[in-house]
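Let me begin by presenting the structure, written as structure tokens, before commenting on it.
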Amino acid sequence: MHTSVIRSSLVLALCVATSAGAQNWPAFRGPNGSGIAAVALPTVWDGEKSSNILWQTPLPGLGHSSPVVWGDRVFVTLAISSADNPNHNPKDADIEPSNDQSAHEWRVMSLDKRSGVVLWSRTAHKGVPKVKRHVKATQANATPVTDGNVVVVSFGSEGLYAYDFAGTLLWKQDLGILDPGYAGQPELSWGFATSPVIYQGLVILQCDIQKGSFIVAFNLTDGSPAWKTDRDEIPAWSTPVIYRGKTRTELVTSGSNYYRGYDPLTGKELWRLRDGSQVKVPSPVIANDLFYLTGGNPRGREFYVMRPNASGDVSLPLDEESSASVAWRKQKGSPYTPTPIVYDGHLYVANDNGVLTVYDAATGEQRYQNRIGTTNSTFSASPIAAAGRIYFASEDGEVFVVKAGPVYELLATNRMGEPLMATPAASDGMLVIRGQRHLFAVR
1 MHTSVIRSSL
11 VLALCVATSA
21 GAQNWPAFRG
31 PNGSGIAAVA
41 LPTVWDGEKS
51 SNILWQTPLP
61 GLGHSSPVVW
71 GDRVFVTLAI
81 SSADNPNHNP
91 KDADIEPSND
101 QSAHEWRVMS
111 LDKRSGVVLW
121 SRTAHKGVPK
131 VKRHVKATQA
141 NATPVTDGNV
151 VVVSFGSEGL
161 YAYDFAGTLL
171 WKQDLGILDP
181 GYAGQPELSW
191 GFATSPVIYQ
201 GLVILQCDIQ
211 KGSFIVAFNL
221 TDGSPAWKTD
231 RDEIPAWSTP
241 VIYRGKTRTE
251 LVTSGSNYYR
261 GYDPLTGKEL
271 WRLRDGSQVK
281 VPSPVIANDL
291 FYLTGGNPRG
301 REFYVMRPNA
311 SGDVSLPLDE
321 ESSASVAWRK
331 QKGSPYTPTP
341 IVYDGHLYVA
351 NDNGVLTVYD
361 AATGEQRYQN
371 RIGTTNSTFS
381 ASPIAAAGRI
391 YFASEDGEVF
401 VVKAGPVYEL
411 LATNRMGEPL
421 MATPAASDGM
431 LVIRGQRHLF
441 AVR
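Taking my numbering, the leading residue of the sequence shown gets 1, the next gets one more, and so forth.
Spelled out as structure tokens, the structure:
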């Protein structure tokens, strides 16, 4: 069959699926940060050969922010450097920041999900970056969030912006200098990456920086301040999640000093759990009425699984493995960058080097440990899951598809042809994958 006919058929199938009711992916890691798609996703494709690729659209700048999807719209953010050759290396493990202090343009783009056509592109800010970034990072790391009417994007020190679906700027907020980096060493500026979340008409953003950390909420309609709570925290890059319980709702945050729960409507702290690690990147994961709390430096340190409805300081003594508030903990094995995923009764923890450890999500019993890819494979993106499969996107430009369950089985290795730093999105059986230079739709 001719390529154009195949493409037309795929577009028609996607239109039918969209008209039947689109499955939205509104934030970092999808619905409530779960990383789980509602319907089956593709297993085999090839981005280099355009096999099973519905469309691919060039991106004019860099960004590690994930795409988000609502209905037939895809939203993505990026930063365009005016430097001839921006210093950017996805595989770089150095702790020194990039010296790219050229003028930048911070941009928001909306694309048609069915074709990849750019519907509109808006420049939020122009100028020299107010803070440096890690050489492995970009100036657009935070994932947008949308409620289906408004899309909110964070560019860190360059501001928080809200647009309607037509691309009209509704409001913006200047949050000051947001400069996270290695704690106590302000010269090691690594760039802002925490993504905003939306809850009951509020936009909430966690800002853990060198000095003066805080968490803040604005009204979604007009950007007016709702509440602000100071945090005695050092820099972190984690995105909070919302737990909707039977008796109360909790905003669960990951910090370098403490994991904490807040009332999302008021910002009042409900509980805290001492952790005391630096460089906290993974987000909390909510599943099975439990909070899976991971991350921190040094790599492979301890992690916790906590029950909701706690109160006060519930820090666990060193000689105890559980309590009324802590279901269980592991003394080692925490991921460094990727957020874990809980799917179909198992907890999947992938580290930057591709070592995947799988646990029983309820008890913590280890099921297996296996390396994904080769000894040179590295990972920053977080896994997502659908229809019995887990998807792992690597910095080397490969997406590994692993069968879900207590036994390791690699189903496919799919090459994209460029580095992958952002967590993929999913909608209506389609994968939206952000590479270093393109946005791909796999169908």
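By construction, the Cβ of each residue, glycine as well, lies at the ideal position given by its N, Cα and C atoms.
Kindly indicate the opening and closing residues of the beta strand (DSSP E) around residue i.
i: Ile341; result: 341 to 343
i: Trp190; result: First-last for Trp190: undefined, no H or E at that position.
i: Lys126; result: 118 to 127
i: Glu250; result: 249 to 254
i: Pro26; result: Here Pro26 belongs to no beta strand (DSSP E), and DSSP marks it neither H nor E.
i: Lys330; result: 326 to 330
i: Ile286; result: 285 to 287
i: Lys472; result: What is shown of the chain runs 1 to 443, which leaves residue 472 out entirely.
i: Ser427; result: 425 to 427
i: His346; result: 346 to 350
i: Leu265; result: Element bounds for Leu265: n/a, residue is neither H nor E.
i: Val197; result: 197 to 199
i: Lys172; result: 169 to 173
Would you list the one or two residues that DSSP bridges to residue i?
i: Val519; result: The chain is shown from 1 up to 443; residue 519 falls before or after that span and cannot be answered.
i: Asp112; result: Arg73
i: Ile433; result: Phe440
i: Tyr368; result: Val358
i: Ile215; result: Gln206, Thr229
i: Tyr259; result: Ser254, Leu273
i: Phe291; result: Ile286, Met306
i: Asn353; result: The partner list for Asn353 (beta bridge, DSSP) is empty, contrary to what the question assumes.
i: Arg107; result: Leu78, Thr123
i: Asp164; result: Val150
Go ahead and label residue i buried or exposed: buried means 16 or more other beta carbons lie within 10 angstroms of its beta carbon, across all protein chains shown.
i: Ser102; result: exposed
i: Glu365; result: exposed
i: Val44; result: exposed
i: Trp120; result: exposed
i: Ala387; result: exposed
i: Asp289; result: exposed
i: Glu48; result: exposed
i: Thr247; result: exposed
i: Lys228; result: exposed
i: Leu175; result: buried
i: Gln210; result: buried
i: Thr239; result: buried
i: Gln436; result: buried
i: Gly21; result: No answer about Gly21 holds up, because its pLDDT of 43 lies below 50 and its placement is not dependable.
i: Val442; result: buried
i: Leu356; result: buried
i: Val152; result: buried
Quick one: grab the DSSP three-state call for residue i.
i: Arg443; result: coil
i: Ser238; result: coil
i: Glu158; result: helix
i: Ser334; result: coil
i: Asp313; result: strand
i: Phe303; result: strand
i: Pro179; result: Here the sequence assigns Asp to residue 179, which means Pro is not the residue at that position. If DSSP states are grouped into helix, strand and coil, Asp179 belongs with coil.
i: Arg244; result: strand
Does at least one heavy atom of the ligand SAH sit under 8 Å from the Cβ of residue i?
i: Trp45; result: No copy of the ligand SAH appears in this structure; indeed no ligand is present at all.
Does the beta carbon of residue i sit closer than 9 Å to a beta carbon anywhere in chain D?
i: Trp45; result: Although the question refers to chain D, the structure presented lacks it and comprises just one protein chain.
In chain order, what are the residue ranges of uninterrupted beta strand (DSSP E) at least 3 long that sit wholly in the stretch 28 to 101? 53 to 58, 68 to 70, 73 to 81
If we require 3 or more residues per run, which beta strand (DSSP E) segments fall completely within the stretch 366 to 421? 366 to 371, 384 to 386, 389 to 393, 398 to 403, 410 to 415
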